[in-house]
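Working notes, structure below.
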Amino acid sequence: MHFKKSNDNQSTILHEGNVPYLTFRKLDQAGVRHGFSTRIGGVSEGMFATLNLSYNRCDKKEAVDENFRRIGKAIGFDHTKLVFSNQIHETKIHKVTKEDCGKVMKDMDGLATNEPGIPLYTGYADCVPLFFYDPVEKVAALAHSGWRGTVGRIGAKMVRFLESEYGCKKENIVAAIGPSICRSCYEVSEDVAEKFKKELTGHDAKIVGDDNAKNGADRVVDGVNIQSKYCATGKRCINECFENDGKGTFRYMTDGKPMKIEVPSDKYDEAVMAMEEKIKNGQVKGVSDPNEAKNIVKKGHFTYAQAKNIAKAGTVESLTYDAVNGTIIASSAFGVTAMITFATSMWNGEDFEDAIKIATYSGLKVGGTAFITSVLAAQLSKAGLNSALVGSSEAIVAMMGPKASAVLINAFRVGSKPIYGAAAMKAAAKLLRSNTITAGITFVVLSSFDVANIFRGRISGKQLFKNMANTAATVGAGTGGWVAGAAIGSAIPGIGTIVGGLVGSMVAGSAAGKVTNAVVGSFIEDDADKMVEIIQDVFTEMASEYLLSNKEAEKSVDRLKDKLDGKTLKDMFASNDRKKFARNLLIPIIENQISKREVIHKLTEEQMLYGIREVLEDISDMEESYA
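Residue numbers 1 to 627, in this note's numbering, belong to the letters of the sequence shown in order.
This is how it looks when you write it as structure tokens:
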């Protein structure tokens, strides 16, 4: 048998014994025993020759048993303890324990375990083998990635599974891709190609509408229109919702009714006026009353600047900034408000479960049940059900559980109408008024610390310039005072050398400082104080714009204090636009600080459903308590 050994990156190692097998260099280095078999070294005959490892291909059982014994001996595992996967080309994963040894896990395409001495087995023909190992948590896993599993992102799902079930961190996981059929030998049908195109391009998203090559705001994510429109102007937010750059008809309709459009909080009034004008012009089908604009346009919890700064920083994976069009793009059914709320909650120290609940409340408060619909419809459309939630009660119960579903199903109408807001929002309103978790919904609460006090506590306006100007004189005199004070302190019973030195330094430094203050203080003290006040005001504005946490604000002010000197204040005083000068001074400091934030990854479907389920169950509990 001839082996093709071209492996330029040396990622694999061929073990050429009586029973050849492949290992992956990085997995070897991580210390996990593993192997990928060939068809050489077994006892099977004829078309099965020789190392057949399948029991369902009409080969002799005793031959297959012997083949497993041989490959087990070669790699170094007990073949009698093998845990098999019975693959169905899906994405289900089983958590393996010792009780599973020697068994076949039905309908599973992924196996994982943290128990030593348990060998895992998955079988392949053309499909792609995926190996995973976490050397920190000592967790091993295998995944069978057929084309359906690949479309379903079984690799990513396995990583999330290892994180949730075993406490693994993705940065610690070593992964390898095993041998599979190559591109030149495998051709797929058009319908399969379309599934890949739909699911794997641009974070499950495709661009729709006219002339959207540069503007990705109008997106469909898993078949659901994303109604968040965060643009530089309120008018632009609304124009993005209409065909032909605002000149055509409203594009976001569900069952003949317009969807809710979320806009930045500071663009809301302008957006409502723009929508009123569109309605007057007859551009919104089925709507003739301009007053309905307020029911279509919803005010988000965050300003355009807040969303823009987070999107530009790249610390929230599902938010991007289109600099050409000044648009913040959301590639998640959670939209802009909920994702920023989630990210801010995480940065402020909330645990994941609380953060996602806070985010869900935030999304519900802005979008009502339309927010929930966008998430549920995505799941239902994947299951082949109507994304408008028509006749999908059973599916919703299956996803959400009976308790959470009761709130939603009671809000359904038989026939063609989707979920509506009245019943659920009435219950939600009660909850939002009474549940303490909603304290974290708005920015005011998420960033409720006193920025001005942080600033004043670290930078004293009137004394700043004096302190900087007097540094040399004060330090010099203070050093001399320390020496003298220490000598005195050692001579006086009850006063130690250190205490004496401290007192001496303070007295001498103060004396020297008075001389300098008399000269410099009257010259620029008031001007310096005004400059510091401007910097404080600008910093307070920017803390809001960048959604700084308490710690981030403190660190930013400390870094600013280190950079302020007499020259900087004089240059600022002489500038034509002192506020702009202050912003330019602060921007690199603040942006450096926010660049250190934890990256908030795009929420999975399971995580979004978890948040909704938890919130709806809370609503159900509140309804019962009010009953």
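In this text, a Cβ means the ideal position worked out from N, Cα and C, and glycines have one as well. Small disclaimer: the values here were computed from a predicted structure and weren't measured.
Alpha carbon of residue i to alpha carbon of residue j, nearest angstrom
i, j, result
"Gly631", "Thr38", "Here the chain covers residues 1 to 627 and nothing more, so residue 631 does not appear."
"Lys596", "Val104", "46 Å"
"Phe77", "Lys60", "22 Å"
"Ala30", "Gly146", "26 Å"
"Ala140", "Pro588", "43 Å"
"Met273", "Val375", "29 Å"
"Glu62", "Cys101", "19 Å"
"Met158", "Ile93", "7 Å"
"Glu277", "Pro290", "7 Å"
"Ala305", "Glu165", "38 Å"
"Val503", "Arg559", "With a pLDDT of 45 at Val503, under the threshold of 50, the modelled position of that residue is not reliable, and the figure given next carries that caveat. If you take the alpha carbons of Val503 and Arg559, they lie about 30 Å apart."
"Arg183", "Leu609", "36 Å"
"Ile88", "Val64", "21 Å"
"Lys563", "Leu585", "9 Å"
"Leu51", "Phe352", "47 Å"
"Phe242", "Tyr21", "59 Å"
"Asp134", "Asn172", "6 Å"
"Ala74", "Thr97", "24 Å"
"Lys26", "Lys170", "15 Å"
"Glu598", "Ala343", "9 Å"
"Ile340", "Gly149", "31 Å"
"His79", "Lys138", "21 Å"
"Glu45", "Ser54", "13 Å"
"Ile177", "Thr12", "10 Å"
"Asn56", "Glu190", "30 Å"
"Thr315", "Val151", "26 Å"
"Ala323", "Glu605", "28 Å"
"Lys561", "Lys530", "16 Å"
Contact belief for residue i with residue j at Cβ below 8 Å, rounded distance in angstroms
i, j, result
"Ile454", "Ala553", "5 Å"
"Ser362", "Ala355", "Their Cβ separation, rounded to whole angstroms, is 10 Å, which puts Ser362 and Ala355 out of contact at 8 Å."
"Lys267", "Gly246", "About 15 Å separates the two Cβ atoms, so there is no contact after all."
"Ile238", "Lys260", "Going by Cβ atoms, the distance from Ile238 to Lys260 rounds to 13 Å, so no, they are not a contact pair."
"Ile594", "Glu317", "Not a contact, Cβ separation roughly 15 Å."
"Tyr230", "Val336", "5 Å"
"Val83", "Glu66", "That belief does not hold up - the Cβ atoms of Val83 and Glu66 are roughly 20 Å apart, past 8 Å."
"Ala631", "Phe132", "This structure leaves residue 631 out entirely; the chain is present only between 1 and 627."
"Val557", "Arg458", "5 Å"
"Thr540", "Val451", "5 Å"
"Ala404", "Glu545", "So it is not a contact: roughly 36 Å between Cβ atoms."
Cβ neighbour criterion (16 or more within 10 Å) applied to residue i
i, result
"Phe196", "exposed"
"Lys298", "buried"
"His15", "exposed"
"Ser332", "buried"
"Gly110", "buried"
"Asn114", "buried"
"Lys294", "exposed"
"Asp526", "exposed"
"Cys168", "buried"
"Ser228", "buried"
"Glu240", "buried"
"Ile492", "In this predicted model, Ile492 has a pLDDT of only 41, less than 50, meaning its place in the structure is not dependable enough to derive any value."
"Ala156", "exposed"
"Ser288", "exposed"
Reference residue i; option with closest CA among the options
i, options, result
"Val128", "Gly401, Ile181, Lys170", "Ile181"
"Val263", "Ser85, Arg613, Thr303, Met253", "Thr303"
"Ile534", "Phe573, Leu319, Val32, Tyr121", "Phe573"
"Ala313", "Asp537, Leu548, Val538, Arg160", "Leu548"
"Pro116", "Lys81, Asn281, Leu162", "Lys81"
"Ala338", "Lys365, Gly326, Tyr321, Gly349", "Lys365"
"Asp269", "Arg236, Val284, Asn281, Asn244", "Arg236"
"Ile71", "Ala125, Tyr121, Cys58, His144", "Tyr121"
"Tyr124", "Lys561, Ala271, His144, Tyr252", "His144"
"Val188", "Glu541, Asp126, Phe48", "Asp126"
"Lys551", "Arg613, Glu99, Met542, Gly349", "Gly349"
"Ala359", "Tyr546, Val615, Asp565, Ile279", "Val615"
"Asp107", "Glu90, Gly326, Met275, Arg578", "Glu90"
"Val538", "Lys555, Lys95, Arg583", "Arg583"
One or two residues paired with residue i in a DSSP bridge
i, result
"Ser37", "Tyr21"
"Thr320", "Ile329"
"Cys231", "Thr327"
"His94", "Leu111"
"Val697", "In the structure displayed, the chain extends from 1 to 627; residue 697 sits before or after that span and is not available."
"Ile261", "Val297"
"Lys106", "Asn86"
Residue i CB to nearest heavy atom of the ligand FMN below 6 Å
i, result
"Phe242", "Within the structure as shown, the ligand FMN is missing, as the structure has no ligands at all."
Any C-beta of chain D under 7 Å from that of residue i
i, result
"Val615", "No chain D is present in this structure, which holds just one protein chain."
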